[in-house]
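Beneath this line is the structure, given in structure tokens, with notes to follow.
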Amino acid sequence: MKIFLTIVSLTIVFYTSAQRCGTADYLQSHPLNNHISQRTATEKAGSRDTLKDEVITIPVVVHVLYNTAAQNISDEQILSQIASLNKDYRRENADAANTPEPFKKVAADVRIQFCLAKVDPHGYYTTGIVRKYTKVEFFQNDDKMKFSAQGGDDAWDATKYLNLWVCNLFNLTLGYGVLPGSPLEKDGVVIKYNVFGTVGNLVAPYNKGRTATHEIGHWLGLKHLWGDSSCGDDSIADTPQQQAGNYGCSSFPHLSQCSINSYGDMFMNFMDFSDDACMNLFTQGQKAEMRSLFALGGPRNSFLNSTACDSSNAEAGPLPNAVDSELKITIYPNPFKNVVHVTANQDKEIVGKVLKLYDITGKLYLKQSIESANTVVNANNLPSGIYILKIQGKNEEQVYKVVKL
Ligand SMILES: [Zn+2]
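Numbering that gives the first Met the number 0 numbers the first residue of the sequence shown as 0 and each following residue consecutively.
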């Protein structure tokens, strides 16, 4: 009975006081080092400044770390998050209409967009999604999810990719980000698996992808509107001073003792703590702050040279997906004409696993169980082109790029 009551009370705590954002706590325990100047100094020749009104595209890699099947979120859920980010950062979100009239004049199309990477750090084709089984049941805000050696997955080159780690965070935290200038191996954003995206098994009221919008705002240099202190400020001119963060859904105007204008708190700003359904804008001042990072000499300038979303740059070869597996598989010939052989050193390494063949749009062409260490896949009827071959076990998968002539 006692155990039962404890479980019930923990559940209630989770649903009533989820911590909207763990970034402030994280920064307290991880003060910034002077990495910005180091990174600027190592920028390559050929760097350029941003162009006026240029739409900046940021290649994204999503590291999905799962301990249970539910945490291994679907491609569809991941794609819904990218789509939602692109709406929020281009002010194409349907609920932009809900911005109160006095704040509409400062609302901004940030002109930043996101794409799943098509080329990995080694130059190979990628889906921009890395899936990896982890023994870790709960991650804390201690960055272990960012290191393969600690049950996580190592960051991809953070001068070219925005790393998003999706995992099971400790109960009360929905996500946390780092500010520009953090060490490259920790540079990115962490989001709990059940508040990521707009479809899938999501926990209301954090089911509209705004945890990622908010945390990436930190990655792009933004602070909370109240500057994490009572009546503090975020150093942005067109956001009001606020007493504190707002939870739930406030009614406009929401006045506090330190709101410096008659319109009160901008509780619907993405950098407040309101429910997902009640957030709908970045301001012109926040836009200028975020875009300034991409200017020549800025800490995110290198992204202007990133071509990681251009699949024409990708080369054939195995994808580095779940390469920590013990499986030793050979795929040959590659390219192939009619059949492709999948072999392992021993039966026990591969028998019972499932082989799947997709085209690069994700359409499944072939699925079969593997019954011996030497499997011949008949691909005679497939159209010519590039395919993704996956070997899936219970808690692991290996992914290869193969070409049908
Ligand atoms: Zn935050």
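By construction, the Cβ of each residue, glycine as well, lies at the ideal position given by its N, Cα and C atoms. Quantities reported herein were computed from a predicted structural model and do not represent experimental measurements.
For Q80, the enclosing alpha helix (DSSP H) begins and ends at 74 to 88. Here the residues close to ligand 1, judged by CB distance below 5 Å to any of its heavy atoms, are C20, T22 in chain order. By the Cβ neighbour-count rule, L303 is buried, with 16 or more other Cβ atoms within 10 Å of its own. Along the segment 357 to 398, the beta strand (DSSP E) occurs as fully enclosed runs of 3 or more residues at 363 to 368, 373 to 377, 384 to 391, listed in sequence order. D24 has its alpha-carbon roughly 10 Å from the corresponding atom of T172. DSSP, reduced to helix, strand and coil, places I215 within a helical segment of the structure shown. Of all alpha-carbon atoms in N170, G392, T342, the one lying nearest the alpha-carbon of R19 is that of N170.
In the structure shown, C277 falls within a helical segment according to DSSP collapsed to helix, strand and coil. In the three-state scheme derived from DSSP, where H, G and I count as helix and E and B as strand, Y123 is classed as strand. For the options K207, T158, P298, H223, the alpha carbon positioned closest to that of F281 is the one of H223. DSSP places T56 inside the beta strand (DSSP E), whose first and last residues are 55 to 65. DSSP places Q285 within a helical segment (H, G or I) once states are collapsed to three. Fewer than three pairs of CB atoms, one per stretch, sit closer than 8 Å, so the segment 101 to 117 makes no contact with the segment 129 to 144. F102 carries a helical assignment under DSSP once its states are collapsed to helix, strand and coil. For the set I385, V401, D275, Y386, the Cα lying nearest the Cα of G196 is the one of D275. Nearest Cα to Y192 within the set T49, Y175, L168: L168.
Cβ contact annotation for D358 (same chain, cutoff 7 Å, sequence separation greater than five): Y364, G384, Y386, in chain order.
In the structure shown, the three-state DSSP call for N312 is helix. With contacts defined by Cβ atoms closer than 9 Å, N337 and N373 do not form a contacting pair.
In chain order, A378, V401, V402, K403, L404 place their CB closer than 8 Å to the CB of F335, counting only its own chain and leaving out the 5 sequence neighbours on each side. Non-local C-beta neighbours of R299 in its own chain, meaning closer than 7 Å and more than five positions away in sequence, comprise P179, L292, F293, ordered along the chain.
The beta-bridge partner set that DSSP reports for G199 is empty.
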